[in-house]
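Chemist:
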Amino acid sequence: MIKQPLIIISGPTASGKSALGVRLARDIGGEIVSADSMQVYKYMNIGTAKITPGEMDGIPHHMLDVCDPKIDYSIADYKEAAKKCVLDILSRHKVPIVVGGTGFYIHALLYDTDFGSTESDGSVRAKIENDYSLYGPEIMHLKLKEIDPEAAESIHMNDTKRVVRALEFYELYGYKISQHNREALSSESPYDFIYIALNRDRKELYPLIDERVDKMMAQGLPEEVKALKEYGCRADSVSMQGIGYKELFNSIDYEAAAEEIKLNSRHYAKRQFTWLRHEKDVTWIDSPVSEEDYRWILKECLKKRIRITE
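For what it's worth, the numbering used here labels the leading residue of the sequence shown as 1, then goes sequentially.
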């Protein structure tokens, strides 16, 4: 089977992924496929740091604003839609460049993960979610730690969606989701890919994250969250689990909420680093990207471009 070319640019929040993606797309004739679990939602622009039309610089971007925030969008939904985008881009002799920091989304697309056998009728999930409301996140995370310590180590206590999914998976199939994920890692990708991860010293990255949060607050993030709440989004909506939204949803102390957003963003960046270090065939590039490193990236990606136009 001839593998289709695919470029991936990932890395922690505020590491410069979007700008690199646009520059590369312009130079090799590419289009961007976003891999961000919150940017799929409409009306969520400030808190997700969604790229603006000006920043896109005329480069087509896919998988942005594809879902109403009142609807829960799953990783399976993303994989199917993103796969169609990739095939469409290739059919027009363009280079698909996947850009984003949601590791699960990238992995699902890259390895064409089959989610058909891991969907329940909703009853098990409903029970676990009810337990969540009764006992709270700390107790539920401890429950996960008892049955799957490896998963509990990689999933933050406040990441309700992933804790519920891990508990649901164990209830449905009787084995650990961490085991399932390791088996998935051993699978072969149907793509001939380059996987670039941006690395930045945390002493430089964390101030950039704090600066970004301050900018979001100044741009009107509290008002954006208020508008989403009035629109009908609930505190337990998947869209409202995003960092910046969950902290502000019921908060009246914006200063305290901003500090919590900064802390959670730093924790998220740390988990993104951890995820990427466990992925296969990743090439780490220091950010900001030097001209020497960019020339190497460009050279490698142009090889994929030649494959598409042959």
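No residue lacks a Cβ here, since even glycine has one placed at the ideal position from N, Cα and C.
Between H61, I139, N158, which has its C-alpha nearest M240's C-alpha?
Modeler: Among H61, I139, N158, the Cα nearest to that of M240 is on N158.
Chemist: Could you tell me the alpha carbon to alpha carbon distance between H93 and T283, rounded to whole angstroms?
Modeler: Answer to the nearest angstrom: the Cα atoms are 25 angstroms apart.
Chemist: Compare the Cα-Cα distances from P288 to each of Q4, G11, I2 and report the closest residue.
Modeler: The option with the nearest alpha carbon to P288 is G11.
Chemist: Sorted by chain position, which residues of the same chain lie with C-beta nearer than 7 angstroms to Y206's C-beta, five sequence neighbours on each side aside?
Modeler: Counting only Cβ-Cβ distances below 7 angstroms, and skipping sequence neighbours, we find R266.
Chemist: Under the DSSP definition of a beta bridge, which residues are partnered with I371?
Modeler: The displayed coordinates of the chain run from 1 to 310. Any statement about residue 371 would go beyond what the structure contains.
Chemist: From the DSSP output, in three-state form, read off L205 for me.
Modeler: Correct three-state label for L205: helix.
Chemist: Are I196 and A269 close, meaning C-beta to C-beta below 8 angstroms?
Modeler: Not in contact: I196 and A269 (Cβ atoms no closer than 8 angstroms).
Chemist: With three or more C-beta pairs closer than 8 angstroms as the rule, is the stretch 126-139 touching the stretch 40-49?
Modeler: Verdict: no, contact absent.
Chemist: To the nearest whole angstrom, what separates the beta carbons of K83 and D112, a pair I think is in contact under 8 angstroms?
Modeler: With 8 angstroms as the limit, K83 and D112 qualify as a contact, their Cβ atoms being about 7 angstroms apart.
Chemist: Which value, in whole angstroms, describes the spacing of the CA atoms of R200 and A49?
Modeler: The alpha-carbon atoms of R200 and A49 are separated by roughly 18 angstroms.
Chemist: If you reduce the DSSP assignment to three classes, tell me which class F104 lands in.
Modeler: Three-state DSSP puts F104 in a helix.
Chemist: How about Q272 and G101: do their beta carbons lie closer than 8 angstroms?
Modeler: A contact, by the Cβ cut-off of 8 angstroms.
Chemist: Would you tell me roughly how many angstroms separate the C-alpha atoms of V163 and P53, rounded to the nearest one?
Modeler: Answer to the nearest angstrom: the Cα atoms are 35 angstroms apart.
Chemist: Suppose the cutoff is 6 angstroms on Cβ atoms and the five residues either side in sequence are ignored; what does the same chain contact list for G232 look like?
Modeler: Excluding residues within five positions, the ones whose Cβ falls inside 6 angstroms are K70.
Chemist: Can you tell me where the alpha helix (DSSP H) with N264 in it begins and where it stops?
Modeler: Start and end: 254-278.
Chemist: What would DSSP say about N181, mapped onto helix, strand or coil?
Modeler: If DSSP states are grouped into helix, strand and coil, N181 belongs with the helices.
Chemist: What do you get for S123, buried or exposed, if any count of 16 or more other CB atoms within 10 angstroms of its CB means buried?
Modeler: Burial call: exposed.
Chemist: Take the Cβ of N250 as the centre, count every other Cβ of all protein chains shown within 10 Å, and call the residue buried at 16 or more, exposed below.
Modeler: It counts as exposed.
Chemist: With distances taken from CA atoms, which of L228, E188, C67 is nearest E279?
Modeler: Taking only the C-alpha atoms, the option nearest E279 is E188.
Chemist: Counting only runs of 4+ residues fully inside the stretch 211-258, write out the alpha helix (DSSP H) ranges in chain order.
Modeler: Correct list: 221-231.
Chemist: Since A14 is in the beta strand (DSSP E), which residue starts that stretch and which ends it?
Modeler: Premise fails: A14 is in no beta strand (DSSP E) and is neither H nor E.
Chemist: Taking just the CA atoms, how far does K176 sit from I147?
Modeler: So the alpha carbons of these two residues sit roughly 7 angstroms apart.
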